[in-house]
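Notes follow the structure.
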Amino acid sequence: MSLLKLNTLILLLTASLTLQAQLSQKEIDELYKDANSYYYFEDYEEAVALFLQVYNRYPNNYNLCFKIGVCYLNIPGYKYQAIPYLEKAASNTKKNYNEESIQETKAPYDAVFYLGNAYFINNQLDKAGKEYKRFKELIKDQKKWNLSYLDHQVATIKSSEVLQTRPVNYFRNNLGEQFNSRFANYNPVISGDEKTIAYTTKQKFYQAVYVARKNGDKWGTPVNITLDLQVDGNCSTLSLSYDGNELYLFKDDSQDGNIYVTHFINGAWTPMKKLNEAINTKYYETHASVSRDGKKLYFTSNRKGGFGDQDIYVSTRINNDIWGPAENLGGTINTSMNENTPFIAIDGLTLFFSSEGHNNVGGYDVFYSQKKNDGLWSTPVNLGYPINTTDDDLFFCPYGDGSHGLMAIFDKDGFGEQDIYEYDIFLPKYQKTIITSLELSKINPDNRMSYTVVDTINKTGLALIDFAKSGIGVLNDHKKDVKLFFDGREYELRDKIEKRTSIISQLKEGSIKDDKIPVGVISATNLTTDDNITKEKDFSTVQNRVNELKVADDDSISLKDKNKRNIETYKDAKLGQSSDATILSEANYLAEILAVLSSNHSQDKFVYALQSNWHFPASLLKLKISQFAIAVDSVGNSEEMLNTFTRFMDLLCTSDFISLKNQSRNISGGNSNETFIFLFKQLLDKASPELANFIERIYQKYPSVTSFARLWELMQNEDPVLFKKFLPEIVRLLAEISTETYIGLPEDQKYKLYEITTAESESRSNWWLLIVVFSYITIGTAGYFYLKRKYE
């Protein structure tokens, strides 16, 4: 453990003990509620700090131990700390665990499974296997559990045992203080011409993006470009173009992962720009890598239609930052689990990526695959142990011929929490190997093979090598901190020319001895050329708009009576004479959905309202939402619209319309309330501080809330005056969030939402209110187009 980590933990423990001694029972209860809120929103670092303070008061609360253990399992660099807490939690579990109850003191059966994961991550394979077996006996194949994940973990233990008996040899070099600091430095990327490096640093209050350029043979000082990107929130580096002037970035837009790009123009980076909908969808896109010629983009997404939770896709550039339809790379690359962080090498044919689902050491492993003459991908090859570990190994960014790469890891000898390292790997594909000087004298050198000769190796962890002749590394001064991983053991390297005297002095007891290394037969790997297959672009029209609206008469509320309403399709609109009609709005479905969700009134007024042809651009519709909420409040009907938008939000929560991050590592099969929590978090992010505090106070008191209708009811019961004060703001926020969520849905999902609403809802609205509200928007839109035409 680094000195920084040790000091941090000591300070955290000291602060926890001091605060715990001073806190009252009421304050402890509040801490626990706050910790649970962070825990449910997967903010594990904040959660564990608070849980630990409560744990000091209640060390025998096994549920608390379980949650602390889960937190540590999700904090990179601290996963080993999960073991003692999960061991304790797993010693006292029960079947009918109440996750929502603050009074729950025992742990769920899940604790046994996650203890197995903690052992596995920390390479205690025998213990992990025993806990997985114990967990399976406890649950007795109940359908509640994600047994496929359990089976995957058990199978991976077997493959891990095999891979660890065949360790690979490689060099690893810390890039030094120029690129590493006391903070976590990660996601390193290098341009194909090896003249630009970019990476992300987790600063105290934000994530910073740094870029360094090469000046001759030396690297310039990394520059923080975060302000140039004009990012709202945090973003992180993904990949660089071959010339280093195009940088791809990831941003989590409120649980909607998206890929962005920035360009280096006239000595500055442009504001980051979100890629088009062929790449970014309502699903979660996490990574992108651009090919040397800039024509292909390899990226990851958990969109529907893939082989597993998250797959790798490729898209062809149409022009500038516009990309064509995505094509799945197929079942050879993608598995039923997750694939992530793909990087295409400069040959355009070798793909490096991380996967959970192939022949793994554990967690995510780095693999490579090669595109063959027939355009198909070869079976992925594991980079091997100990490059790959039993923990997650992601983001190996190759350069050169692919035998060199950058990757960030947690290392006890590093500068901070996470450091950037350069790897020099020795695999048969690259026709190079590491041997000792003694072994070299006993073989006939193969002219096709590149040999790196280790002069001497000893058991105390030191090795001598001639750096000038080794050919390893080009990025930094490798005499500072280069390590050799040889035959499964780690060695500190020393330059045999400059350091021989000191090394021999240290080892004069005769501990240096040569090890024999068997040299296998190395076969050349043939590279194929890119077939440059082009496909005709598919610009298929969106599904026809609904042409029937199910409504009832004033008395019977019968769904059989229908009033037909013709709504133009996108195709028809584009062929129409009116230019305004070409901009069909999201309001066509939205108006009807809200109408059906509103309370009962008269059908004729509703039909009259719908006969107005509303065609609003999505951007204009969102801009008008604030004015819309103000108009509702001005006529004293905030409560009516609160009910309408609450029904709409809860409909989104209870239906499978919003795609969140995959849950493949959740042994319980996922949280049924995750969509509510997703929208609830957006509400907190957008609310004023006073309203956010009010909402959080209620949620902490009633953590089992799973609907917005119930949330408003509890808030109104708690403080009717305060609730009435915030009612206009709540209506505005609900309108914004529900509309933004709705607009982000694909057309088929909008249609599905419409069908569900009209099929299952009664006709029950104050239609006159909708007329007032949407007439207000219509007037505003008409003014918009009038002014637009006037000044064009």
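Residue 17 is where the sequence shown starts when you use my numbering, and the numbers rise one by one after that. A virtual CB, placed ideally from N, CA and C, is assigned to each residue, including glycine. Keep in mind the model is a prediction, meaning the values are calculated, not measured.
Selection from the options that minimises the alpha carbon distance to residue i
i      : options                           : result
Lys267 : Thr302, Leu191 and Lys448         : Thr302
Thr297 : Ser307, Tyr276 and Thr286         : Tyr276
Gln219 : Ile746, Gln434 and Phe136         : Gln434
Tyr96  : Leu131, Ser270 and Lys122         : Leu131
Tyr401 : Phe426, Tyr437, Leu443 and Pro414 : Leu443
Asn233 : Asp429, Lys211 and Ala304         : Checking the sequence, you will find Asp at residue 233 rather than Asn. When only C-alpha atoms are compared, the closest one is Lys211.
Phe57  : Glu712, Leu730, Pro744 and Lys768 : Glu712
Phe431 : Tyr202, Glu752, Thr357 and Trp235 : Tyr202
Ala214 : Asn261, Lys174 and Ile137         : Asn261
Asn76  : Trp728, Tyr60 and Tyr101          : Tyr101
Glu752 : Phe661, Ala127, Pro705 and Leu707 : Phe661
Val330 : Ser257, Asp337, Gly346 and Lys104 : Gly346
Phe199 : Ala224, Val205 and Thr757         : Ala224
Asp209 : Gly321, Arg150, Ala361 and Lys152 : Ala361
Ser117 : Asp142, Val721 and Lys741         : Val721
Ala123 : Pro736, Trp393 and Lys104         : Lys104
Gly145 : Glu706, Leu166 and Met353         : Leu166
Phe136 : Gln119, Lys111, Lys156 and His168 : His168
Ser207 : Arg229, Tyr222 and Gln194         : Arg229
Ile746 : Thr773, Phe696, Tyr74 and Tyr758  : Phe696
Val498 : Leu263, Tyr439 and Gln716         : Tyr439
Glu343 : Phe368, Thr670 and Thr316         : Thr316
Lys320 : Gln765, Thr773 and Thr181         : Gln765
Ile349 : Ile328, Ile338, Asp337 and Arg333 : Ile328
Bridge partners - residue i, DSSP secondary structure assignment
i      : result
Asp45  : DSSP output for Asp45 lists no bridge partner at all.
Asp662 : The sequence shown places Thr at residue 662, not Asp. Its beta-bridge partners do not exist; DSSP assigns none.
His279 : Glu262
Pro809 : Coverage of the chain is limited to positions 17 through 808, which leaves residue 809 absent and any answer about it impossible.
Asn201 : Thr217
Val397 : Tyr384
Thr332 : Lys312
Asn190 : Tyr437
Gly273 : Asp268
Ser317 : Glu301 and Asp327
Pair within 8 Å by beta-carbon distance, residue i and residue j
i      : j      : result
Asn108 : Tyr71  : no
Gly324 : Gly273 : no
Thr366 : Gly418 : yes
Asn196 : Asn189 : no
Tyr507 : Ala479 : yes
Asp259 : Ile683 : no
Met665 : Phe724 : yes
Pro287 : Leu422 : no
Asn138 : Ile84  : no
Ser175 : Asn375 : yes
Leu89  : Gln69  : no
Tyr60  : Cys81  : no
Ile441 : Thr468 : no
Pro396 : Ser370 : no
Lys49  : Gln716 : yes
Buried/exposed call for residue i, threshold 16 Cβ in 10 Å
i      : result
Ile281 : exposed
Met304 : According to the sequence displayed, residue 304 carries Ala and not Met. So Ala304 ends up on the buried side.
Arg663 : buried
Ala284 : exposed
Leu243 : exposed
Gly93  : buried
Tyr380 : buried
Lys771 : One detail in the question is off: residue 771 reads as Glu in this sequence, not Lys. Counting Cβ neighbours within 10 Å, Glu771 comes out exposed, since fewer than 16 surround it.
Ser594 : For Ser594, the predicted model reports a pLDDT of 37, less than 50, meaning its position is unreliable; a value from the coordinates is still stated below. Exposed: under 16 other Cβ atoms inside 10 Å.
Asp409 : buried
Val737 : exposed
Phe411 : buried
Lys551 : In this prediction, Lys551 scores a pLDDT of 36, lower than 50, which makes its location untrustworthy; the coordinate-derived value is nonetheless stated afterwards. Result: exposed.
His494 : Confidence at His494 is low in this model, with a pLDDT of 48, below 50, so its placement is unreliable and the value that follows should be read with caution. With 16 or more other Cβ atoms within 10 Å, it is buried.
Rounded distance between the beta-carbons of residue j and residue i, thought under 8 Å
i      : j      : result
Leu658 : Leu743 : 7 Å
Gly378 : Thr172 : 6 Å
Leu254 : Leu265 : 6 Å
Gln326 : Phe694 : Actually they are not in contact, since the Cβ atoms of Gln326 and Phe694 sit about 18 Å apart, beyond 8 Å.
Leu500 : Phe187 : 6 Å
Ile403 : Val184 : 6 Å
Pro358 : Tyr299 : Wrong, their Cβ atoms sit about 17 Å apart, outside the cutoff.
Arg73  : Ile44  : 5 Å
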